[in-house]
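My numbering puts the last residue of the sequence shown at 520; the count rises by one with no breaks. Input: a single structure, listed below in structure tokens.
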Amino acid sequence: MSETAIIVGAGIGGLCTALTLAPTGRSITILERDAPPPGDDPDLVFQEWRHTGVGQLRQSHAFLARMRKMFKRDHPRLLEDLLASGVRELPFQSMLTQAQLGSYRPEPGDAELTIITSRRTTLELVMRRYVETLANVTIRSDFLVRRLMTAAAEDGVVDVRGVSGECGGKTETLEADIIIDSSGKSGFLIDQIKEESAHYAEEQESSGILYFTLHYRLRPGMDEPPRLGNPPATGDLGFLKFGAFPGDNGCFSITIAVPEVEMELRKAILDPDFFHNLTLLLPGLVPWTNADRSAPVGRVHGMGDLISRWRDVVVDGKPAARGYFALGDTLVRANPLYGRGCSFAAASAQLLLATLEESADPTARALAYHKRLHDELRPYYINQRTQDRSAIRRARQALTPGFSKSVRARIIESFFEDGVAIAVRNDVDLLRDAMRGFHMLEHPNKWLGRPRNLAKVFYYWARGKKRNASAYPPKPGPERTEMLKALSLNFQSDIDRIAQGA
Ligand SMILES: Cc1cc2nc3c(=O)[nH]c(=O)nc-3n(C[C@H](O)[C@H](O)[C@H](O)COP(=O)(O)OP(=O)(O)OC[C@H]3O[C@@H](n4cnc5c(N)ncnc54)[C@H](O)[C@@H]3O)c2cc1C
19 MSETAIIVGA GIGGLCTALT LAPTGRSITI LERDAPPPGD DPDLVFQEWR
69 HTGVGQLRQS HAFLARMRKM FKRDHPRLLE DLLASGVREL PFQSMLTQAQ
119 LGSYRPEPGD AELTIITSRR TTLELVMRRY VETLANVTIR SDFLVRRLMT
169 AAAEDGVVDV RGVSGECGGK TETLEADIII DSSGKSGFLI DQIKEESAHY
219 AEEQESSGIL YFTLHYRLRP GMDEPPRLGN PPATGDLGFL KFGAFPGDNG
269 CFSITIAVPE VEMELRKAIL DPDFFHNLTL LLPGLVPWTN ADRSAPVGRV
319 HGMGDLISRW RDVVVDGKPA ARGYFALGDT LVRANPLYGR GCSFAAASAQ
369 LLLATLEESA DPTARALAYH KRLHDELRPY YINQRTQDRS AIRRARQALT
419 PGFSKSVRAR IIESFFEDGV AIAVRNDVDL LRDAMRGFHM LEHPNKWLGR
469 PRNLAKVFYY WARGKKRNAS AYPPKPGPER TEMLKALSLN FQSDIDRIAQ
519 GA
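What follows is the structure, given as structure tokens:
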């Protein structure tokens, strides 16, 4: 008889797990606390879906090549359904600068670097409708899982045999051979593992930013602005980062990430008029948000508690649980700026499949899954955390009067800004390699470790700013004081607060 699996949560991780496990013939039940989408129209679903289990539902999302690759290879019909619903593919070519386009010759691997982009509600709606058609998968909505059904074994490992929860006012207990916990960033089932076993470890720290998103709709007859010939629609001013996210069906969104220490800005930006006016001070966003092209829709969606978190359910070679597998945000969370969360979830579902197919022994499975996660996903987590720590330092420095960087810090900064970034903006092959790491198609640091690539970076760095001048992007926006003044904000109060050591 084939195995039975319960998946907790029909978010991105739960749906990806169903996609990967369904072809193996396992009998799969997905339990989801929230109501199903209220229809099939992406606009209606965006406006009306009450899906509070996903706090980031209406935040900007883009989906990396890693996730698209999985759809295209294993579920091409899903990719077709997504495109038919207005989800968009952005090819590698769309990332090139004007100068790079001149010398660009397509290569077979370029297609793999395509990303998909849409409102998150649209992607989740279409994924869910597709999963609903899979013969051995059942989705039960309005089912809140409250507890794991566990038994303590003599070896100190918790055996997980099922779940209990509430549906339609009734308590239900369901058993299965494997329980997959994809209940997202606020999922609490893993706390039970933590309480019942000693072989659990967790690390977490703030990613240092808050996210603010405002959606826009293109006016009738208008298209998105061309990428070439306009300043980049993403940028980093040190005291804020911004980006335009192409959406589906005439929609796009703007996200502004504000460092936690910028108290004045983070309060004011919740006002949609303030947010919109801020976009008009950023040359890369003006072509998108000017009144001739588009109009803002609804409120500003703000989000805090953006932590980086890694959890281990195996410690010192011993698993905390058997028959229990956590994936997606329950397992690893990272700064959303890198857009990797959904690909983390998709990749961990693939690692889980490889693990389950390799062995039927529950202990061996727990250990093998843990090893795969560490080998394949942890390097991305570490890479992002390192970048976050440096961004947090820079944000505080921006508020510290008279702050002067050490020589070492200046050299490192120059290596990345005047060497790596400029080389990648010049050389298409370098960009290709860098993107493979960014999109989780290979180890994030591998491209820079290749001697040929490093030599190119040093070449551009050594050439100096003058000879590289044409590769520098235009200034993304005003300095902090200038911008805060233009927005009638007190630019001094956060500086004073930091000076007082707060
Ligand atoms: C602001 C922000 C922006 C982001 N932008 C991007 C991006 O651009 N690209 C990207 O790839 N990722 C992005 N992410 C990350 C991405 O949203 C998550 O990594 C992804 O949704 C994780 O999938 P998941 O299945 O683990 O969790 P979710 O997708 O959150 O799904 C969890 C599901 O479990 C259900 N659930 C929870 N508890 C229970 C329970 N007890 N019983 C039953 N059901 C339950 C919830 O209702 C929900 O449906 C962003 C995250 C944030 C916060």
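We put the beta carbon where it would ideally sit given N, CA and C, even for glycine.
Boundaries of the alpha helix (DSSP H) around S121: 116–121. Segment contact: the stretch 490–500 against the stretch 390–403, fewer than three CB-CB distances shorter than 8 Å; contact not assigned. Contact between N444 and Y490 is absent: CB atoms are separated by about 11 Å, not below the 8 Å threshold. Counted as a single uninterrupted DSSP element, the alpha helix (DSSP H) harbouring E500 occupies residues 498–504. Note: E107 is bridge-paired with I134 in the DSSP secondary-structure output. Contact between the stretch 451–465 and the stretch 405–422 is absent, with fewer than three C-beta pairs closer than 8 Å. Listed in chain order, the non-local C-beta contacts of G256 below 8 Å within the same chain comprise R412, A413, A416, R498, local neighbours out to five positions each way being set aside. Comparing C-alpha distances from R311 to each of S361, P243, T297 shows the shortest one belongs to P243. Of the other Cβ atoms in all chains shown, 16 or more fall within 10 Å of the Cβ of M88; this residue is therefore buried.
By the neighbour-count definition (other C-beta atoms within 10 Å, threshold 16), E172 is an exposed residue. According to the DSSP secondary-structure assignment, Q222 is paired through a beta bridge with R327. Excluding five sequence positions before and after V26, the CB atoms of its chain that fall closer than 6 Å to its own CB belong to L49, V163, D199, S201, given in chain order. Taken in chain order, the whole beta strand (DSSP E) runs of length 3 or more contained in the stretch 340–366 are 342–344. Spanning the alpha carbons of K493 and F260 requires a straight line of approximately 13 Å. Taking 7 Å as the cut-off, one finds at least one heavy atom of ligand 1 near enough to the beta carbon of P354. A distance below 7 Å between beta-carbons, with the five flanking residues on each side excluded, links S271 to the following residues of its chain, in chain order: S78, T231, L232, H233, Y234, F263, G265.
For K474, there is no enclosing beta strand (DSSP E); the enclosing alpha helix (DSSP H) covers residues 469–486. Inter-residue distance for D209 and Q222 is about 15 Å (C-alpha atoms, whole angstroms). Excluding its 5 nearest sequence neighbours in each direction, S361 has C-beta neighbours in its own chain below 6 Å: L82, R84, M85, M458, listed in chain order.
Its Cα nearest to that of N154, the residue T22 stands out among A169, G253, T22. Going by C-alpha positions, G57 is about 26 Å away from G239. Cβ-Cβ distances below 6 Å link R76 to H319 in the same chain, with the five nearest sequence neighbours on each side left out; the list follows chain order. Using a C-beta cut-off of 8 Å, the stretch 65–72 makes no contact with the stretch 113–130, since fewer than three inter-stretch Cβ pairs fall below that distance.
In the same chain as F421, and ignoring 5 residues on each side of it, the C-beta atoms closer than 6 Å to its own belong to Q415, in chain order. DSSP places L232 inside the beta strand (DSSP E), whose first and last residues are 227–236. DSSP, read as helix, strand or coil, puts L49 in strand. The straight-line gap separating the alpha-carbon atoms of T156 and S511 is approximately 55 Å. It is roughly 10 Å from the alpha-carbon of R329 to the alpha-carbon of K212.
With contacts defined by Cβ atoms closer than 8 Å, L391 and L369 form a contacting pair. In the structure shown, V442 falls within a helical segment according to DSSP collapsed to helix, strand and coil. A contact is defined here as three or more CB-CB pairs under 8 Å, and the stretch 459–479 meets this definition with respect to the stretch 429–444. The C-beta separation of L324 from N295 comes to about 24 Å, leaving the pair out of contact by the 8 Å criterion. I513 sits in a helix when the DSSP states are folded into three classes. Taken from the Cβ of T348, at least one heavy atom of ligand 1 lies inside 7 Å. Counting only the Cα atoms, A339 lies some 13 Å from A219. Boundaries of the alpha helix (DSSP H) around L100: 94–102.
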